[in-house]
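Residue numbers (numbering that gives the first Met the number 0), protein chains in the order written: chain A, 0 to 195; chain B, 0 to 195; chain C, 0 to 195; chain D, 0 to 195.
Presented below is the structure to which this report refers.
Number of protein chains: 4
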Amino acid sequence: MQKGRLEAFSDGVLAIVITIMVLEIKVPHGHELADLKPLIPVVLSYILSFIYLGIYWNNHHHMMHTVKRVSGPILWANLHLLFWLSLVPFVTGWMGENNFAPMTMALYGGILLMAAIAYFILQNLIIQEHGTEGILAKAVGSDFKGKLSPILYILGIASCWINSWISALFYILVALMWLIPDKRIERTLEEEESIN
Amino acid sequence: MQKGRLEAFSDGVLAIVITIMVLEIKVPHGHELADLKPLIPVVLSYILSFIYLGIYWNNHHHMMHTVKRVSGPILWANLHLLFWLSLVPFVTGWMGENNFAPMTMALYGGILLMAAIAYFILQNLIIQEHGTEGILAKAVGSDFKGKLSPILYILGIASCWINSWISALFYILVALMWLIPDKRIERTLEEEESIN
Amino acid sequence: MQKGRLEAFSDGVLAIVITIMVLEIKVPHGHELADLKPLIPVVLSYILSFIYLGIYWNNHHHMMHTVKRVSGPILWANLHLLFWLSLVPFVTGWMGENNFAPMTMALYGGILLMAAIAYFILQNLIIQEHGTEGILAKAVGSDFKGKLSPILYILGIASCWINSWISALFYILVALMWLIPDKRIERTLEEEESIN
Amino acid sequence: MQKGRLEAFSDGVLAIVITIMVLEIKVPHGHELADLKPLIPVVLSYILSFIYLGIYWNNHHHMMHTVKRVSGPILWANLHLLFWLSLVPFVTGWMGENNFAPMTMALYGGILLMAAIAYFILQNLIIQEHGTEGILAKAVGSDFKGKLSPILYILGIASCWINSWISALFYILVALMWLIPDKRIERTLEEEESIN
Chain A
0 MQKGRLEAFS DGVLAIVITI MVLEIKVPHG HELADLKPLI PVVLSYILSF
50 IYLGIYWNNH HHMMHTVKRV SGPILWANLH LLFWLSLVPF VTGWMGENNF
100 APMTMALYGG ILLMAAIAYF ILQNLIIQEH GTEGILAKAV GSDFKGKLSP
150 ILYILGIASC WINSWISALF YILVALMWLI PDKRIERTLE EEESIN
Chain B
0 MQKGRLEAFS DGVLAIVITI MVLEIKVPHG HELADLKPLI PVVLSYILSF
50 IYLGIYWNNH HHMMHTVKRV SGPILWANLH LLFWLSLVPF VTGWMGENNF
100 APMTMALYGG ILLMAAIAYF ILQNLIIQEH GTEGILAKAV GSDFKGKLSP
150 ILYILGIASC WINSWISALF YILVALMWLI PDKRIERTLE EEESIN
Chain C
0 MQKGRLEAFS DGVLAIVITI MVLEIKVPHG HELADLKPLI PVVLSYILSF
50 IYLGIYWNNH HHMMHTVKRV SGPILWANLH LLFWLSLVPF VTGWMGENNF
100 APMTMALYGG ILLMAAIAYF ILQNLIIQEH GTEGILAKAV GSDFKGKLSP
150 ILYILGIASC WINSWISALF YILVALMWLI PDKRIERTLE EEESIN
Chain D
0 MQKGRLEAFS DGVLAIVITI MVLEIKVPHG HELADLKPLI PVVLSYILSF
50 IYLGIYWNNH HHMMHTVKRV SGPILWANLH LLFWLSLVPF VTGWMGENNF
100 APMTMALYGG ILLMAAIAYF ILQNLIIQEH GTEGILAKAV GSDFKGKLSP
150 ILYILGIASC WINSWISALF YILVALMWLI PDKRIERTLE EEESIN
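See below:
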């Protein structure tokens with residue numbers, strides 16, 4: 000039950016974060032197709048952030064599935080993750096309204112990097128509390144994707160001063176890499192169940 | 000439980016989408032009845048979108064009732080549907096603030112069309128995973144309403160350049176058609192239960 | 000479970016409606032105590048609406064407790080109630096920003112009246128579906144408060160052109176009358192349980 | 000179940016309050032690093048309030064764990080707490096946008112003080128209804144932290160006219176003091192379970 004309320008709260012925050020992002024797409028004053036043109040970068044940023052938040056919700060969901068007891072540190076590590084994700088609408092808006100200017104791209108990557116680190120901390124806390132024989136420990140394994148993501152974010156941040164599109168490519172690459180739901184946990188869960 | 004969290008998240012997003020739409024009804028500066036007059040198209044668009052989102056919540060609710068296992072593709076098809084629905088407040092605001100100008104009507108219909116397609120994809124994925132003998136497959140049957148809606152949306156989009164009200168009529172027609180809750184699923188569920 | 004999702008969705012909408020109302024309390028530009036003065040009517044309206052929405056949530060909670068099966072009409076009657084409640088932030092903002100001008104007071108009362116009617120419809124639908132021997136039917140009884148409220152709202156609307164404060168008194172009176180949680184349902188529920 | 004809906008509603012309100020606070024971090028017009036500089040106090044206030052709301056959610060969660068029956072007074076005491084917490088985004092925004100001006104610091108402390116009092120009332124009502132032998136009564140004990148907090152808030156409010164940073168220190172001190180989750184309830188719960 001403790002876990003239920005943590006999940007409900009996280010779902011609530013993620014649902015609101017994902018939805019208030021749409022408030023950044025301000026209704027234009029004109030009523031012609033041309034009036035929508037300045038919104039294109041805003042909508043593109045919205046799509047990218049929507050996918051990122053979807054991935055986080057999805058993986059959070061799978062990870063929490065393996066948690067048996069919510070301790071104080073897990074609770075705060077979760078809030079820490081939600082903190083960084085709550086800043087996504089701000090950086091999405093800044094990036095979109097400034098047509099992917101270098102500095103806005105760098106901050107966007109920076110927030111994603113911090114969220115990835117927060118996720119990593121949360122994941123490790125859960126593994127630690129449930130032991131290396133726990134479902135999550137087995138499922139995560141060497142955590143290739145989790146270790147590659149921060150590197151790609153840093154490359155994205157570094158390259159935004161060369162060209163915004165190279166930077167965007169790195170961010171899209173990470174999203175694509177994670178878009179596939181975390182089969183590892185699903186598979187490990189199924190194996191566990193078939194053994195018992 | 001997996002399903003519970005998907006439903007909770009979808010409910011959260013839909014509840015927020017339906018409620019932030021009201022933020023588009025901006026408080027007028029004057030305090031006379033006449034000051035409310037420019038808000039009439041905004042309120043009318045709000046009512047139409049409120050009904051549409053109510054229908055989606057309602058049918059989503061019935062459809063999810065038949066789901067036994069949430070797979071990765073179902074999860075993403077659901078997020079895809081929520082993406083299009085999350086754009087409803089934007090198009091509602093644009094349409095309302097521009098007094099149902101043709102282009103705003105077309106975009107409104109376009110977003111509804113995309114949401115309908117997303118719903119169709121989600122529905123087919125669920126049917127596919129649960130087999131043609133599943134409850135949803137039986138309940139949906141030939142899916143007359145599901146196939147007619149996109150056609151009506153396209154007619155609505157096409158006719159907005161002739162007259163905004165013809166276009167509005169098509170959108171209202173689709174809403175009325177769906178306003179009746181999906182008895183098919185309810186009935187099929189009851190039949191299933193009475194057999195077992 | 001059907002009922003659970005209806006409750007969750009209603010809770011979501013009410014929680015958002017109650018919270019976005021606070022967005023109408025705009026952060027003032029100055030940083031002195033005097034800069035807060037123009038906000039007094041806005042905060043007073045916020046308090047009144049907060050109490051009203053609290054009452055609705057509270058009574059909705061008690062009423063839903065007695066529901067056994069959610070039918071299509073109940074679902075739509077519930078959405079109809081949520082529609083009128085979703086307009087509360089708008090009328091609260093309008094009333095507060097215009098220092099309780101007569102017309103804004105009238106519209107505030109009008110929305111409360113519509114919400115009361117929507118609540119009445121929902122209540123009657125539930126009673127109808129569960130029979131006059133159902134818990135809600137017994138608990139509501141002659142529904143004195145439910146019948147008095149619309150009259151007081153109408154008096155409030157009518158009197159706002161004489162004096163805004165008389166009108167406000169009527170609205171506060173209704174709130175006070177309902178502030179006491181619906182003991183009738185609680186008592187009837189307990190009686191039912193003690194019999195079984 | 001009654002309790003479940005109270006928790007769900009509180010979670011919803013807290014999740015929304017925590018998330019709409021981010022709307023106060025307005026997207027700047029420029030796209031240089033320097034354009035973010037005026038946002039520093041806004042972000043700092045956001046972090047402090049995020050931690051405070053996290054603490055409230057956390058402790059609310061633990062406290063509700065010990066509740067067996069939700070009575071009318073508990074329900075309203077809970078709404079009273081949510082009322083003061085719903086004003087946190089407003090005072091956070093005012094404080095941040097005015098670079099921690101004395102009066103804004105005082106109001107921030109005032110709202111925190113009122114929330115602390117509301118929490119105290121709620122806690123006492125729960126203890127009263129469940130008896131001094133209840134889990135919460137044992138866990139809270141002499142309630143040292145609960146009694147110290149209001150004093151620190153008052154000191155914070157008083158000192159803001161001397162120096163904003165002294166005031167800020169008091170507020171940060173209270174947050175740090177509470178950041179440690181309420182082990183007392185956790186421990187008492189475990190003891191209770193080990194006895195049974």
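Even glycine gets a Cβ: it sits at the ideal position worked out from N, Cα and C.
Original post:
Using a beta-carbon distance below 9 Å, is B/Phe49 in contact with chain C?
Top reply: Yes - at least one Cβ of chain C is within 9 Å of the one on B/Phe49.
Original post:
So, helix, strand or coil for D/Asn58, using DSSP?
Top reply: Judged by DSSP in its simplified three-state form, D/Asn58 adopts helix.
Original post:
From the beta carbon of A/Val16, is the nearest beta carbon of chain D less than 9 Å away?
Top reply: With 9 Å as the cut-off, A/Val16 counts as an interface residue toward chain D.
Original post:
Between the C-alpha atoms of A/Pro37 and B/Trp93, what's the straight-line distance to the nearest angstrom?
Top reply: Rounded to the nearest angstrom, the two C-alpha atoms are 15 Å apart.
Original post:
Any chance the region 45 to 62 of chain B sits against the region 10 to 28 of chain B, with 3 or more Cβ pairs inside 8 Å?
Top reply: Contact holds between the region 45 to 62 of chain B and the region 10 to 28 of chain B, because three or more Cβ pairs, one in each stretch, are under 8 Å apart.
**OP:** May I ask you to report which of helix, strand or coil DSSP gives A/His79?
**Re:** Collapsing the DSSP output to three states places A/His79 in a helix.
Original post:
Would the C-beta of B/Glu190 count as close to the ligand ATP, meaning under 8 Å from any of its heavy atoms?
Top reply: What this structure holds is no ligand at all, so the ligand ATP is not there to describe.
Original post:
Is A/Pro88 closer than 9 Å to A/Met176 when the C-beta atoms are compared?
Top reply: Result no, Cβ atoms of A/Met176 and A/Pro88 do not sit closer than 9 Å.
Subject >> Other residues of its chain near C/Trp164: CB distance less than 6 Å, five sequence neighbours each side excluded >> reply: Contacts found: none.
**OP:** From the DSSP output, in three-state form, read off A/Phe164 for me.
**Re:** According to the sequence provided, residue 164 of chain A is Trp. The question's Phe does not apply to it. Secondary structure at A/Trp164: helix, using DSSP grouped into helix, strand and coil.
**OP:** Please state if the CB of D/Gly109 and the CB of D/Ile156 are separated by a distance shorter than 9 Å.
**Re:** When the beta-carbon positions are compared, D/Ile156 and D/Gly109 come within less than 9 Å of each other.
**OP:** State the DSSP-derived secondary structure class of D/Met0, mapped to helix, strand or coil.
**Re:** In this prediction, D/Met0 scores a pLDDT of 48, lower than 50, which makes its location untrustworthy; no coordinate-derived value is stated.
Subject >> Same chain, Cβ closer than 7 Å to C/Ser70, five either side skipped, listed in chain order >> reply: Same-chain partners within the cutoff: Glu128.
**OP:** Can you pull the chain D residues whose beta carbon is under 7 Å from the beta carbon of C/His60, in chain order?
**Re:** One finds Arg4 in chain D with Cβ atoms closer than 7 Å to the Cβ of C/His60, taken in chain order.
Original post:
Pairing CB atoms from the region 28 to 46 of chain D with CB atoms from the region 54 to 65 of chain D, are three or more of them under 8 Å?
Top reply: No, they do not touch.
Original post:
So with Cβ pairs under 9 Å, would you call D/Val21 a contact of chain A?
Top reply: For D/Val21, at least one C-beta of chain A is nearer than 9 Å to its own C-beta.
Subject >> Rounded separation between D/Val173 and D/Asn162 - CA only >> reply: Each residue's alpha carbon lies about 18 Å from the other.
**OP:** Give the C-beta separation of B/Tyr45 and B/Leu111 to the nearest angstrom, bearing in mind that I take them to be a contact with Cβ-Cβ under 8 Å.
**Re:** The pair is not a contact, with the Cβ atoms about 15 Å apart (cut-off 8 Å).
Original post:
So what's A/Ser70 in DSSP terms, helix, strand or just coil?
Top reply: Three-state result, A/Ser70: coil.
Original post:
Are the beta-carbon atoms of B/Lys2 and B/Arg68 separated by less than 9 Å?
Top reply: Yes, Cβ-Cβ distance for B/Lys2 and B/Arg68 is below 9 Å.
**OP:** Show which residues of chain C have a CB atom less than 7 Å away from the CB atom of D/Ala7.
**Re:** Within 7 Å Cβ-Cβ: Ala7, Asp10.
**OP:** Output, in chain order, the set of chain B residues within a Cβ distance shorter than 7 Å of C/Met63.
**Re:** Listed along the chain, the chain B residues whose CB falls inside 7 Å of the CB of C/Met63 amount to none; the nearest CB is some 15 Å away.
**OP:** Can you tell me which of A/Phe99, A/Leu84, A/Val139, A/Tyr118 puts its alpha carbon nearest to the alpha carbon of A/Ser166?
**Re:** With distances taken between Cα atoms, A/Ser166 lies closest to A/Phe99.
Subject >> Span of the alpha helix (DSSP H) around D/Thr103 >> reply: 101 to 129 is the span of the alpha helix (DSSP H), which, as asked, contains D/Thr103.
Original post:
Could you check where the alpha helix (DSSP H) with D/Met20 kicks off and where it finishes?
Top reply: No residue range can be given for D/Met20, since it is assigned to no alpha helix (DSSP H) and is classified by DSSP as neither H nor E.
Original post:
Taking Cβ positions only, does C/Glu31 come closer than 9 Å to chain D?
Top reply: Cβ-Cβ to chain D under 9 Å: yes for C/Glu31.
**OP:** Indicate whether at least one CB of chain B lies closer than 9 Å to the CB of A/Ile134.
**Re:** With 9 Å as the cut-off, A/Ile134 does not count as an interface residue toward chain B.
Subject >> As assigned by DSSP and simplified to three states, the class of A/Asp34 >> reply: Looking at A/Asp34 - three-state DSSP - the assignment turns out to be helix.
**OP:** Can you grab the Cα-Cα spacing for the pair D/Ile116 / D/Pro149, in whole Å?
**Re:** Between the alpha carbons of D/Ile116 and D/Pro149 lies a gap of roughly 8 Å.
**OP:** For the alpha helix (DSSP H) holding B/Val87, just list the boundary residues, first then last.
**Re:** Counting along the chain, the alpha helix (DSSP H) containing B/Val87 begins and ends at 87 to 96.
Original post:
If you compare alpha carbons, which of B/Thr187, B/Cys159, B/Asp34 is closest to B/Met102?
Top reply: For the residues B/Thr187, B/Cys159, B/Asp34, the minimum Cα distance to B/Met102 belongs to B/Cys159.
Original post:
For B/Val139, which of helix, strand or coil comes out of DSSP?
Top reply: Looking at B/Val139 - three-state DSSP - the assignment turns out to be helix.
Subject >> Cα-Cα separation, A/Met0 to B/Asn123 >> reply: Because A/Met0 sits at a pLDDT of 48, beneath the cut-off of 50, its placement in the model cannot be relied upon, and the following sentence gives the value as read from the coordinates. Here the alpha carbon of A/Met0 sits roughly 34 Å from the alpha carbon of B/Asn123.
Original post:
Using a Cβ-Cβ distance under 9 Å, would C/Ile165 count as near chain B?
Top reply: No, no contact with chain B.
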